[in-house]
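To start, the structure itself, in structure tokens.
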Amino acid sequence: MSSQPLTNLRQRLANLYFGHHTAAIRFQAALMVIDLAIIGFFLAGPYLRDRPTYLILDYGIAIWIALELIAQWSASPSTRRFITKPMTWIDIFVLGTLLFPQWLFNFAFLRVARIWAVVQRPVFTLMLRRLGLREQVDVVTAFINLLVFLFLVTGFVYTFFFYAEDAGSGFIDALYFTVATVTTTGFGDITLPGTAGKLTSIVTMIIGISLFVRLAQAIVRPYKVSFPCPECGLQRHDADAVHCKACGHVLNIPDEGM
């Protein structure tokens with residue numbers, strides 16, 4: 001059985017990670033700032049990898065991610081729920097690339113997926129609302145998904161096709177190829193060699209177009225709120241809906257009065 005102090009610590013961590021009170025918001029905001037700094041380090045990796053301080057920062061971030069994984073596991077309602085979260089496995093894999101950069105450097109591009117950690121924090125949605133972007137949450141989320149995909153593909157292309165080149169120009173070439181492919185512009189001045197290159201291009205175009213369509217849908221479709229209908233479970237409704245359009249049940253959607 002867990003001791004009382006340990007139980008109290010887990011409860012406090014849960015309140016900080018998932019709460020909406022002032023202390024929780026400040027805590028989540030601080031974590032978001034750290035997340036952004038870590039993402040900046042990951043993006044600058046190709047330019048910093050030859051510097052002597054690179055490994056120091058690398059292992060420092062590894063310690064931080066390991067501590068946060070432990071804290072998130074403690075704050076989670078159940079171990080099973082924690083293990084089944086995609087972000088948990090992303091963090092574990094990122095941690096592996098940080099602890100063993102000599103063997104897992106080919107997978108370092110997956111580190112950029114930590115951008116999703118920023119989106120998943122409750123303070124992110126609250127921040128958008130305070131900036132007057134309450135109705136654009138889906139648009140911002142779709143845009144971030146597309147951005148993460150662009151950087152993931154850029155990292156993959158750089159690692160497996162341009163790593164032998166200069167770190168700066170190689171990364172820019174990989175980004176240029178990715179954007180040209182995703183947008184189906186297809187200038188053709190930079191191409192990936194061999195069958196692996198063709199397959200990479202095909203997958204990039206298919207997924208990239210899908211994410212572009214998702215972003216376009218989020219921009220043009222009417223704003224809806226997420227509120228599960230007590231009767232039929234329909235999740236999304238018009239912001240001013242009084243009745244569920246699926247079953248007619250009376251709704252009581254919370255309104256901020258704005």
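Counting in the working numbering, the sequence shown runs from 1 upward without gaps. By construction, the Cβ of each residue, glycine as well, lies at the ideal position given by its N, Cα and C atoms. Bear in mind that the values here come from a model prediction, so they are computed numbers and not experimental data.
Which of the three DSSP states, helix, strand or coil, is assigned to residue i?
i, result
"K198", "helix"
"S226", "strand"
"R221", "coil"
"I190", "coil"
"Q19", "According to the sequence displayed, residue 19 carries Gly and not Gln. Correct three-state label for G19: coil."
"T185", "coil"
"M258", "Note that M258 has pLDDT 47, beneath the 50 cutoff, so the model's placement of it is unreliable and the number below is only indicative. In the structure shown, M258 sits in coil (DSSP, three-state: anything other than H, G, I, E or B)."
"D166", "coil"
"E68", "helix"
"S76", "coil"
In the DSSP assignment, what are the bridge partners of residue i?
i, result
"H243", "V250"
"R236", "S226"
Mind checking whether residue i and residue j have CB atoms under 7 Å apart?
i, j, result
"T154", "L175", "yes"
"L192", "F161", "yes"
"A142", "L215", "yes"
"L16", "A29", "no"
"F187", "A196", "no"
"D189", "V118", "no"
"T14", "A75", "The sequence as given places Ala at residue 14; Thr does not occur at that position. Closer than 7 Å, so yes."
"V203", "F177", "no"
"T97", "F107", "yes"
Among the options, which has the Cα closest to the Cα of residue i?
i, options, result
"I90", "V213, S78, L69, P77", "L69"
"T7", "R114, A196, Q217, A71", "A71"
"A44", "M32, V33, L57", "L57"
"D138", "F177, G197, Q217", "Q217"
"L99", "I61, M127, R81", "I61"
"V182", "L150, L199, D173", "L150"
"N260", "I209, R221, R129", "The structure shown does not extend to residue 260, since the chain is modelled only from 1 to 258, so the question has no answer here."
"G9", "T53, W73, M87, V33", "Checking the sequence shown, residue 9 turns out to be Leu, not Gly. Comparing Cα positions, the closest option is W73."
Residue i to residue j, Cα distance in whole Å?
i, j, result
"F171", "I38", "18 Å"
"L126", "A164", "43 Å"
"S201", "Q235", "36 Å"
"R111", "H249", "45 Å"
"F124", "V140", "10 Å"
"H21", "P122", "11 Å"
"T185", "M205", "10 Å"
"K224", "D50", "49 Å"
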